[in-house]
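Q: First, the structure itself, so that you have it in front of you.
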Amino acid sequence: MSSSAEILSQAFTLGYTYTRSTGPIVGQFLTSLRARKMVGIKASDGKVLMPPVEFDPVSAAALSEFVDVADCGVVKTWCWVKQPRKAHPSDKPFAWAMILLDGADTPMLHWIDAGDEAAMSTGMRVKVRWAEETKGLMSDINGFVPEAAALLGELKPAASDEQITGMEAPIYLTYNFTAGKATARYLQSMKKGKLVGQRCPNCRNVYIPPRGSCAACGVPTEEEVTLGNKATVESFTIVYIPIPGNPIKPPYVIANLVLDGANLSFLHLLSECKNEDVRIGMRVEALWKPEEEWGYAMENIQYFKPIDEPDVPVDQIGKLIDEGR
Amino acid sequence: MAQLAAVVGVGQTKYKTKRKDVSIAGMVREAAVNALEDAGLTWNDIDAVIIGKAPDMFEGVIMPELYLTDALGCNGKPMLRVHTAGSVGGSTAIVAASYVQSGVFKRILTVSYEKQSESNAMWALSNPQPFSPHLNAGAGGYFAPIIREYMRRSNAPYDAGIKVAVKDRLHGAKNPLAHLQLPEITMKEVEDSPMLWEPLRFLEACPSSDGACAMIIANEELATKSPRKPAWIRGTAMRSEPTMYAGREQVSPQAGIDCAKDVYAQAGIHNPRKDLDCAEVYVPFSWYEPMWLENLGFAEKGKGWELTMDGSTSLIEGGDIPWNCSGGVLSSNPIGASGMIRFAEAAQQVRGEAGGHQVDGAKTALGHAYGGGAQFFSMWVVSSEKA
């Protein structure tokens, strides 16, 4: 047994298409932006908060009195971004700044297209550069520019004057996932067409896929155990809902399967049988994909299929010794 | 438990598929304001805010407790967030209660919420994982095989789940806040509804709801001065266990059994079916009623379905131990709030404030929540009497 493992890493993107209800206050702010107007809101103490918030941060009162605010103001503080990143609003160097608009009492965060860091200073006057097309988003302000700058672009009238109540807010997280030692060892075995689990030194139970520890005993697992292709159905469900991005067509059987010699089930597809014939205790076997398609993945097993062996009594499921080894 | 604590205010929103008229903050605020009004209090009377929320990935708002400080009047006050998956509403209430019982704070606002219409709860629970086939299909896909194993062991009639689905919706029709309003629902309608994760049908699963639930928890001195009847917290317990290990009992998890024993011992409950007047138990899929009846000691092993089938758990059929008179999770499921709704509805029963779904003369009630792969449990017993 070798404890060394190749480092396995995979690029991974997790994304969800969230939506947001704006509520009446943020909705009015965005509706005004789309019409190229700036509005703030009057706080309990009479100050004008910009951008408007639903609830007073000091008194907790619900706020409702909108106040028109100018689309120009003073830079209170700023920082220069020399190398803009992909998610930034500009691909040229720019400044993030806190800008106090005329008529507001609190500064708001936005970006300034000043061309050069030398053009930036605290106290400088700036004005909004409206986007050619407005959509009711913060980006309807295509940055601020020094007040003296000439603005040329043509401004199209807003496409709609309906009150904004919601917006789309998809979020995607892209990162590299690095498999841990136990998972990497397991995936390397899968690539060679072998099912290798780990045995707990304390309770002697065998886990596949291994996690490098036994959750019941709280101890690391090191000893590797090679298992065969036969398994027993511990339980199952027939799923009538498609999985996004998965070619499996419903209804399909997802079974909790325990390999002979293992003591904990994993999920896999069950096929080559009528769904209504699947039962707890049924004997099944892994159907591997052609060897040239094997990767570092459980998907090397296409699915499990029934075999002609008597059902396992329920009290023996998860306790079978792997006789093939 | 050093000091007595009680629920002195409960506030809920009307549970709906979509609350498009409010932001998350506006919705959470609504429940909090309702609780303050119920308790006859203002923001200044609150010492701390304890908030509960299901996984951040549900709505994609990371650290929502920061974003909600304005809406919940937290300026200058301690704010704390609790997170135990689906049981979070229950454990949040317990954390709030324990701060009062310990004497650290005198009066706490506790609140939990979910805006499922803005989120993607089903696939946020079953997201694709690196190096793994994407085979899990929502919470129903996870729990269906466990339900199948319960059906095998108990030899329950095939329609026990259908009965629960009807019973909880008929209860929900008596609760104006319940999301699903199905006063005409029949066994046949549930049976004919589409199969999602066999053996679970569409109408045997909880809905997706928007909503929030809040409570004010106060110490003995302040609770006694409260304008409405307090619900005295007689016991609280939480337990957890790992999701996956060899030999884990998944149908009736040990953590649930232990948690119930603990909370009953604190509250002096010897026979839950006799000593409690009603229970609000986390049943997101119909079959979890008979399963939890056994896990929580209301019925012997393998016999939970008998209480369901003979109407013992039905308010409408005059059962001796009505479960989920509010309609339960099967009628309203804003996930992060669902556990707190159970705890709050138990309190409303013993305060005599449950309205159309009130159990006559209810004195002692159980609130229960579970989460994750049925591995987080939280429970409390509340009573109209201090001891």
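Protein chains in written order, with this note's numbering: chain A, 1 to 325; chain B, 326 to 712.
In this text, a Cβ means the ideal position worked out from N, Cα and C, and glycines have one as well.
Just so you know, these numbers come straight off a predicted model, no measurement behind them.
1) Report yes or no: is there a C-beta of chain A within less than 7 Å of the C-beta of Tyr695 of chain B?
2) Please name the residue or residues paired with Cys603 of chain B in a DSSP beta bridge.
3) Considering Cα atoms alone, identify which of B:Val358, B:Ile387, B:Glu625 is closest to Ser286 of chain B.
4) Would you please state the rounded distance, in angstroms, between the beta carbons of Val216 of chain A and Gly572 of chain B? I believe it to be under 8 Å.
5) In this structure, does DSSP put Ala379 of chain B in helix, strand or coil?
6) Taking 7 Å as the threshold (beta carbon to beta carbon), is Phe668 of chain B in contact with chain A?
7) Is there a Cβ from chain B that is less than 7 Å from the Cβ of Thr165 of chain A?
8) Along chain B, in chain order, which residues have C-beta atoms closer than 9 Å to that of Gln10 of chain A?
9) Using DSSP with H/G/I as helix, E/B as strand and the rest coil, what is Met50 of chain A?
10) Helix or strand or just coil, what does DSSP make of Met38 of chain A?
11) Count Cβ pairs between the stretch 529 to 540 of chain B and the stretch 645 to 665 of chain B that sit closer than 8 Å; are there 3 or more?
12) Return the chain-ordered list of same chain residues with a C-beta closer than 7 Å to the C-beta of Val675 of chain B, the five sequence neighbours on each side being excluded.
13) Which residues in the same chain have their Cβ closer than 6 Å to the Cβ of Arg553 of chain B, if we skip the five residues on either side of it in sequence?
14) Please determine if the stretch 109 to 119 of chain A and the stretch 136 to 151 of chain A are in contact, where contact requires at least 3 C-beta pairs separated by less than 8 Å.
15) Closest to Glu117 of chain A by CA distance: which of A:Gly261, A:Ala11, A:Phe94 is it?
16) Ile241 of chain A: which of B:Asp600, B:Leu525, B:Gly560, B:Lys599 sits nearest, CA to CA?
17) Output, in sequence order along the chain, the residues in the stretch 212 to 237 of chain A whose CB is closer than 7 Å to any CB in chain B.
18) Which residue comes first and which comes last in the alpha helix (DSSP H) that contains Val425 of chain B?
19) Residues in the stretch 513 to 541 of chain B with C-beta within 7 Å of chain A's C-beta atoms, listed in sequence order?
20) Starting from Asp68 of chain A, trace the beta strand (DSSP E) both ways and give me its first and last residue.
21) Check Ser3 of chain A in the structure and name its three-state DSSP category.
22) Give the interface partners of Asn445 of chain B over in chain A, defined as CB-CB distance under 9 Å, in chain order.
23) Looking at the C-beta of Pro389 of chain B, does it have a partner C-beta in chain A at a distance below 7 Å?
24) Straight-line CA distance for Leu49 of chain A to Lys440 of chain B?
25) Quick check on DSSP: helix, strand or coil for Asp535 of chain B?
26) Can you list, in chain order, the residues of its chain with a C-beta nearer than 8 Å to that of Met98 of chain A? Leave out the 5 residues immediately preceding and following it.
27) Applying the 10 Å Cβ sphere with the 16-neighbour rule, what's the burial state of Ala327 of chain B?
28) Is there a C-beta anywhere in chain B that falls below 7 Å from the one on Leu109 of chain A?
29) Would you be able to state if there are at least three C-beta pairs under 8 Å between the stretch 172 to 179 of chain A and the stretch 191 to 200 of chain A?
30) Between Leu502 of chain B and Arg494 of chain B, is the Cβ-Cβ spacing less than 7 Å?
31) Could one say the Cβ of Pro567 of chain B lies closer than 7 Å to chain A's Cβ atoms, at least one of them?
32) Can you give me the Cβ contacts of Glu474 of chain B inside the same chain, cut-off strictly under 8 Å, excluding the 5 residues immediately before and after it?
33) Determine the burial state of Tyr252 of chain A: buried for a count of at least 16 other Cβ atoms within 10 Å of its Cβ, exposed for fewer.
34) Three-state secondary structure (DSSP) at Arg598 of chain B?
35) Check the Cβ-Cβ distances between Asn300 of chain A and every residue of chain B, and say whether any is below 7 Å.
36) When the distance is taken between beta carbons, is Leu329 of chain B closer than 7 Å to Ile720 of chain B?
A: Walking through what the data contain:
1) no
2) B:Ala690
3) There is no way to answer for residue 286 of chain B, as the model of chain B reaches only from 326 to 712.
4) Correcting the residue identity first, residue 216 of chain A is Ala in this sequence and not Val. Indeed they touch by this definition, with Cβ atoms about 7 Å apart.
5) In the three-state scheme derived from DSSP, where H, G and I count as helix and E and B as strand, Ala379 of chain B is classed as coil.
6) no
7) yes
8) Pro455, Phe456
9) coil
10) strand
11) yes
12) Ala556, Ala687, Lys688, Thr689, Ala690, Val707, Ser708, Ser709
13) none
14) yes
15) Minimum Cα distance to Glu117 of chain A is reached at A:Phe94.
16) B:Leu525
17) Cys214, Ala215, Ala216, Ser235, Phe236, Thr237
18) 413 to 426
19) Pro519, Met520, Leu521, Trp522, Glu523
20) Start and end: 66 to 69.
21) Confidence at Ser3 of chain A is low in this model, with a pLDDT of 46, below 50, so the placement of that residue should be treated as unreliable; the coordinate-derived value is given next. Three-state DSSP puts Ser3 of chain A in coil, outside helix and strand.
22) Tyr16, Thr17, Tyr18
23) no
24) 27 Å
25) Residue state, collapsed to three classes: strand.
26) Val75, Lys76, Thr77, Trp78, Pro107, Met108, Leu109
27) With fewer than 16 other beta carbons inside 10 angstroms of its own, Ala327 of chain B counts as exposed.
28) no
29) no
30) For the 7 Å CB-CB criterion, Leu502 of chain B and Arg494 of chain B do not form a contact.
31) yes
32) Gln575, Val576
33) buried
34) helix
35) Among the CB atoms of chain B, none fall inside 7 Å of the CB of Asn300 of chain A.
36) There is no way to answer for residue 720 of chain B, as the model of chain B reaches only from 326 to 712.
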